[in-house]
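J.: Provided herewith is a single structure, encoded as structure tokens, for subsequent inquiry.
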Amino acid sequence: MKLFKFSMQKILDYKEDIQKNESKILKEMKAHHKELTDELDYLIAKYNSYKKRHAQRCIEGIMANQVVVDKSYILSLQNDINIKLNEIRRSEMNIEAQIRKLTKIKTEKASIERLKEKEFTEYEFQEQKENEIFINEFVSNTSQKSS
32 MKLFKFSMQK ILDYKEDIQK NESKILKEMK AHHKELTDEL DYLIAKYNSY
82 KKRHAQRCIE GIMANQVVVD KSYILSLQND INIKLNEIRR SEMNIEAQIR
132 KLTKIKTEKA SIERLKEKEF TEYEFQEQKE NEIFINEFVS NTSQKSS
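When we follow my numbering, the leftmost residue of the sequence shown carries the number 32, and every step to the right adds one.
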């Protein structure tokens, strides 16, 4: 009995390696995205805190030049928040592209695996036919020797 050998096994192995690598990249992208959202949360908290502090200081009465400094810092925080939001949007777009890429690879791999299953089923069928022929020949040879 000969062993089953899939003709496209190297391609299947290659697709599996690519899938692992692309999955790893996606995982890293998601981790980076999480870092960005954490940084955004920190900036928003800092912005809200400083804005409350500024409002409280205005109620208590502060110098005009300090109002300008506070407003400048608040605008700087708003700018940082907008920059971080843009980074997050780019990160989300990159993640979506990576997911599409990974989905395509998984689809290609699944197609090759279905082909492998089909070839294996054909292999088993041929093996069974060969065994039946062998048994029939053996039985007929044994019965001829008995006669």
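Beta carbons are placed, not taken as given, at the ideal position from N, Cα and C, and that holds for glycine.
Would you mind reading off the limits of the alpha helix (DSSP H) that contains LYS41?
T.: Per DSSP, LYS41 belongs to the alpha helix (DSSP H) from 40-91.
J.: For PHE156, which of helix, strand or coil comes out of DSSP?
T.: PHE156: helix per DSSP, three-state reduction.
J.: Out of curiosity, what's the CA-to-CA distance linking ASN50 and THR173?
T.: The sequence given here has Gln at residue 50, not Asn. When rounded, the distance between both Cα atoms is 55 Å.
J.: With distances taken from CA atoms, which of HIS85, LYS132 and SER122 is nearest ALA62?
T.: Nearest of HIS85, LYS132 and SER122 to ALA62, Cα basis: SER122.
J.: Let's test the definition: count the other Cβ atoms within 10 Å of the Cβ of ILE114 and tell me whether it reaches 16, buried, or not, exposed.
T.: The residue in question, ILE114, is exposed, as its Cβ has fewer than 16 Cβ neighbours within 10 Å.
J.: Quick test of your reading: ILE105 and LYS82, contact by CB under 8 Å. State the CB separation rounded to the nearest angstrom.
T.: Confirmed, about 6 Å.
J.: Give the secondary structure of LEU34 by DSSP, where H, G and I count as helix, E and B as strand, and everything else as coil.
T.: If DSSP states are grouped into helix, strand and coil, LEU34 belongs with coil.
J.: Taking only three categories from DSSP, how would you classify MET94?
T.: Here MET94 sits in coil by DSSP.
J.: For a quick check, are the C-beta atoms of LEU67 and ILE119 less than 8 Å apart?
T.: Yes, the pair counts as a contact, with Cβ atoms nearer than the cut-off.
J.: Quick one, are the C-beta atoms of LYS33 and ILE143 less than 8 Å apart?
T.: Result no, Cβ atoms of LYS33 and ILE143 do not sit closer than 8 Å.
J.: What's the gap between the Cα of SER171 and the Cα of GLU150?
T.: C-alpha separation (whole angstroms): 31 Å.
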